[in-house]
Structure formats: C-alpha cells, structure tokens
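Enquirer: Sequential numbering of the sequence shown, starting at 794, is according to the numbering used here. One structure coming up, written as structure tokens, with questions to follow.
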Amino acid sequence: PNRLTRPDPMMRFLLLVIAAGAVEETNLEVTDDENSCDKGLLLLQRQSRKLSEEKEAEEWGGSCQSYGCRHGYHSWMKCQCNSECEKYGNCCGDFQAKCVKGSQGGQDQESPQGGSCASYGCGTSYIASNLCQCNDECSKYGNCCSDFGSTCYSKGQDETDETDETDESQAPATPGPSLTPVTPGPATTPLPHSKYRLVWRAEGEDFFSKFNFLWDDPNHGSAQYLIPPQAEQEGVVEATRHWAILRAGRRSPQYKYKRMTARIETKASWKNFLSIFKFSHVPYGCGVWPALFTLADHGQWPNGGELDMLEYVNMDVSKASFHTGGSCTLDSSKVNEYGNMPDRNEMNYDCVTNYPDRLGCAPNKWMKSAQNWANSPGVLATQWTEDFIKLFYIPEYEIPQDIKDEAPAPEDWDRWLFSYYPLSGTSCQIAAQKLMMQINFCGDWAGKVWSLDGNCKYKAQNCRAVD
C-alpha cells in the first residue's frame, strides 16, 4: 500500500446507525440525523489519511488564500473553506478572514453565507456571479447551494428504475453536498403506522463500545487491524458527541507492506431486520477495499449467510450480493417482478458460494462505480424478512418523512429498490446476522483483479496481498 495512490485521499464516510425492531418480531433498523446525537442518533464519519505523502496538499498551501472560498467539501484539500467547515472543525486557519462576508480581507471573496436556489432559480448552466450553483453539474464540482436538493428536485419525479440499467451512468443521480439534514422524531416511539421500534443503537463518545474489534484478516490483505487502546492511540477510530470516525491510518511500523486501520462487528446480532445507513461519503481508489455488510454470527463461512450491501475494490463498481452454503437458488421470475435485475455475478441466481467457481448471487438493477458512490450521499436500507431481502438506495435529498420521523415504512420505498432476493420457496439457510464495517487494502480480491483495472494496473506492478 505504500506505493498506491488514489483520487480520494481523505476518504470521509459518514454513517449514522440506529437499530430498530418490528413490534411483532425482533428486527433491526439503522437511520440517522447529523445534528442530534442527544435525540438518540449518531454519525459515523469514516475518514482515512493519505496512503502517500501529503505533498499535493502542501503545495497548495493549506489556506483559503490559496484554495479560494468554496461551497462544497473537497477531499483533496488539507483544510476546508466552505460554510460547513466550522461544523466539522476542518476550516483553514484563514477561513474567517478570507471567506466570511463582512470580515476584514473577506469582502471580495465568495461568501459561504447567502446564495440559494430559491433565489437564483434552477437552471442548466454555470453562472459565475452566483455564490453557489443550481445546475445538474454542481454536485460534480462541489458548488451546489445548500437548498439545491430540496428546491431543484421534486420528490414526486418519475423514476427510471423499471428499465434495465446496466451501468453506473444510469444509477440514481448524485445529490449536492450540502443538503437539509434529517430531523428525527421520538427516539423510541414510532408513529402508529410503523411496524418497527428501536431495539439497539450506538452513539456519541461511547459509540465503539457497542462493537467488537477484530484483529484477524480473513481476506489476506495489507491491513493491520488494531484493537483498543491502540486503535484510539493511532487515530484509526475516534468518537465525539457528534460523530465517530473509522479511518485508514499510517503505515505499519511492524509489517513492511501493511497499513493500520480497523475492522469492527456489532456485539449484538439479529434475524429478520430493517437497517438504514446514512452516509455522506465512502472511500475509493486503487488498492482500497471498503466493505459494509452483514455476516452470520456463528458457523463456518459461507454457511448462515453474508449480505454485501456496499463493497467494492480499486476503481470498480459495487454490486450487492448474497453468499451462503448448502442449497440456495432464487426464482428468476420472482427476482424480476420489481424490474429487470440480472445476476451480475452470472451465476443464474445461485447464491451458494465456493470460490473461485461459485460466486454467489448478485441481482442488481444498476451498479455504481466506487467514485460515484463516494459522491452520492444518502441512505442504504435493507429490509430482511422470512420471505425476502430488499436493498434500497435513497439519495439524501429524497429521504422520506417516515425515516425522518423514525417511523420507517419500507412498503413505500420500492421506487428506490435496487437489489431483491425472494427467499420464499427456497431452501436457503440463514442465521442471525451481525453488522460489519472495515477498510482493507489489496488482498484476495483487490490484489487478484489488480491487472484487470485499467485505472490502477499502470500505477504499480501489483497490489500486494500479505499474511
């Protein structure tokens, strides 16, 4: 990993987790509010440091004088110059002087205050005189107005999910970076129409106390997984009242080809659950292997099941997939009841996994590249019942009110469905699941497909997998 480079050196990932259960059976829900840990919500900010030296940032000077005043988060910047930087504590030292309207030296700079799509209107072109932008390209350049999502996108607009979307260009549009946060309702009392109630949560400064830290690496990668207290001492995990961080750390002083990071699992496990993860950013780049998934709480893999909700390597696409042992084949006609969902693993919906010949099933309407996911904040939701598993991706600007009120109604979310596993009538054996999060490098997957990635194979001869 000491030779790898990536276009997203900061790798910031925000994830808020709440666990909730159905009234009639034990279920799980995960949801989020960026501003209200006191109300029973938390954020997990996952951010890695640079794998290479920070020469680029040094050359830019690390100041708003050199960066200019911007309205979005830019991972390549050593510090930030946008209206949210004070909230996250990452402003450059001269932010107030250079970027805040009315401050000395800041009169002729772009002001992070003011400027809205409500006043500018929604258009298709860049307008240099505007303090922020309201066009389809603003999320790409990180200069959207804070009300871009709520003003320029209608929650009732038609979806194209029913078409056969075979590449990331047809995946849900990327929202702007500064959007209205989710406001929660009562922490443990859902609205009457909801079937779910809160049963578990991790939050605030003791966030990581709800997780087990794992030191072993079954993927034979270049990660040195740390456990407390070393994990905190090295800064690969960090938690405050408002957020928690899981990041890639510095190069290992103990192992030549490894980098320090963390791998965690929930101490609790659930069978049949609803989970909702809200994220603002996920890591990507050559050699990087992040994963958000569930895993059976006992038995030998893949028996009991593994659901990969968000996982990819290098610059490839992410595809949701399910792995198990025994016998488990989905009915293709049922899978495609919600629109065309080809098995992206080309296993004819056979979910039994035995590498390298049997890869598990991966019915997906569409797939997004790692870079696309990194710039698509929103919600990943999983509804798991005895009869089916549904995976939803909801862009941040479309998060429905029932999630905001902590009264989830997944029966109304099919417009955001992108992966479906009908279990009724199958012989799939599934155990209770733990929630897992980790960052790995190279290893059994990222290393083995290194030569197939046109963006990465020219950077180094190989991506090293180590014991």
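Just so it is clear, CB atoms sit at the ideal spot from N, CA and C, and this is done for glycine as well.
Going straight from the alpha carbon of C1221 to that of K1197, what length do you get?
Expert: Straight-line Cα distance between these residues: approximately 34 Å.
Enquirer: Let me confirm a value: H1091 is counted as buried when at least 16 other C-beta atoms fall within 10 Å, else exposed. Which label applies?
Expert: Exposed is the call here.
Enquirer: Below 8 Å between beta carbons: does that hold for M1230 and I1038?
Expert: Against a cut-off of 8 Å, the Cβ pair of I1038 and M1230 comes out as no contact.
Enquirer: What span of residues does the beta strand (DSSP E) with K1071 cover, start to end?
Expert: First-last of the beta strand (DSSP E) with K1071: 1066-1072.
Enquirer: Output the distance between the C-alpha atoms of A1202 and D1124, rounded to the nearest integer angstrom.
Expert: Taking the straight line joining both Cα atoms gives about 26 Å.
Enquirer: In chain order, what residues of the same chain lie with their CB nearer than 7 Å to the CB of C878, ignoring the 5 residues before and after it?
Expert: Closer than 7 Å at Cβ, skipping near neighbours: C884, F888.
Enquirer: Does DSSP classify W1206 as helix, strand or coil?
Expert: Coil.
Enquirer: Helix, strand or coil: which one does DSSP assign to Q1164?
Expert: Q1164: helix per DSSP, three-state reduction.
Enquirer: Let me know the secondary structure DSSP gives E944 once reduced to three states.
Expert: In the sequence on display, residue 944 carries Thr and not Glu. Note: T944 maps to helix in three-state DSSP.
Enquirer: With DSSP as the reference, label Y913 as helix, strand or coil.
Expert: Helix.
Enquirer: Is Q1026 near R1052, with beta carbons less than 8 Å apart?
Expert: No, the pair does not count as a contact, with Cβ atoms beyond the cut-off.
Enquirer: Provide the residue(s) that pair with W1082 in DSSP beta bridges, ordered along the chain.
Expert: Beta-bridge pairing links W1082 to N1233.
Enquirer: According to DSSP, simplified to helix, strand and coil, what is E877?
Expert: If DSSP states are grouped into helix, strand and coil, E877 belongs with coil.
Enquirer: What are the partner residues of H1116, as DSSP defines its beta bridges?
Expert: Partner(s): E1099.
Enquirer: In this structure, does DSSP put S1111 in helix, strand or coil?
Expert: Note: S1111 maps to strand in three-state DSSP.
Enquirer: In angstroms with no decimal places, state the Cα-to-Cα distance between V893 and E1031.
Expert: The alpha-carbon atoms of V893 and E1031 are separated by roughly 30 Å.
Enquirer: What residues in its chain sit with their C-beta under 7 Å from that of E952, if we drop five residues either side in the sequence?
Expert: Below a pLDDT of 50, predicted positions are generally treated as unreliable, and E952, at 36, falls in that range; no measurement from the model is reported.
Enquirer: What three-state label does DSSP hand Q1047 in the structure shown?
Expert: Correct three-state label for Q1047: coil.
Enquirer: Determine, using beta-carbon pairs with one atom in the stretch 1058-1074 and one in the stretch 1033-1048, whether at least three such pairs fall under 8 Å.
Expert: No, the stretch 1058-1074 does not touch the stretch 1033-1048.
Enquirer: Just the C-alpha distance for D1010 and G1132, rounded to the nearest angstrom, thanks.
Expert: Approximately 37 Å between the Cα atoms of the pair.
Enquirer: Classify G855 as helix, strand or coil using the three-state DSSP reduction.
Expert: In the structure shown, G855 sits in coil (DSSP, three-state: anything other than H, G, I, E or B).
Enquirer: Per DSSP, what kind of secondary structure is C872 in: helix, strand or coil?
Expert: Three-state result, C872: coil.
Enquirer: Within its chain, find whatever has a CB closer than 8 Å to the CB of Q1194; leave out the 5 residues flanking it on each side and keep chain order.
Expert: Taken in chain order, the list of residues that qualify is empty.
Enquirer: What's the C-alpha gap between F1000 and L1100?
Expert: Answer to the nearest angstrom: the Cα atoms are 23 Å apart.
Enquirer: Starting from P1156, follow its DSSP beta bridges and name the residues at the other end.
Expert: The partner list for P1156 (beta bridge, DSSP) reads D1136.
Enquirer: When the Cα of A1224 is compared with those of A1089, E1191, W1036, W1177, which residue comes out closest?
Expert: If we check each option's Cα against that of A1224, A1089 comes out closest.
Enquirer: Over the uninterrupted beta strand (DSSP E) stretch that includes Q1176, give me the two end residues.
Expert: 1171-1177 is the extent of the beta strand (DSSP E) around Q1176.
Enquirer: What does a CB cutoff of less than 7 Å around K1003 pick up in its chain, not counting 5 residues either side in sequence?
Expert: Within the same chain, K1003 has close Cβ partners A995, T1059, K1060.
Enquirer: Assuming E1025 is part of the beta strand (DSSP E), what are its boundary residues?
Expert: E1025 -> not in any beta strand (DSSP E); alpha helix (DSSP H) instead, spanning 1023-1026.
Enquirer: Any idea which residues DSSP pairs C884 with across the strands?
Expert: Q873.
Enquirer: Look up L1245 in the DSSP assignment and say whether it is helix, strand or coil.
Expert: Reduced to three states, the DSSP call for L1245 is helix.
Enquirer: Is the beta carbon of L1067 less than 8 Å from the beta carbon of Y1186?
Expert: In this structure, Y1186 does not lie closer than 8 Å to L1067 by Cβ.
Enquirer: Measuring CA to CA, which of G942, Y1077, Y881, G908 is closest to S1249?
Expert: Checking the sequence shown, residue 1249 turns out to be Cys, not Ser. Nearest C-alpha to C1249: Y1077.
Enquirer: Taking the continuous alpha helix (DSSP H) assigned at I1196, which residues delimit it?
Expert: Run containing I1196: 1194-1197, per the alpha helix (DSSP H) assignment.
Enquirer: For the ligand ADP, is there a heavy atom less than 7 Å away from the beta-carbon of G942?
Expert: Summarising the ligand content, the structure contains no ligands, and the ligand ADP is consequently not present.
Enquirer: Apply the 10 Å Cβ neighbour rule to N1147 and answer buried if 16 or more other Cβ atoms are within range, or exposed otherwise.
Expert: Classification of N1147: exposed, given that the 10 Å Cβ count is below 16.
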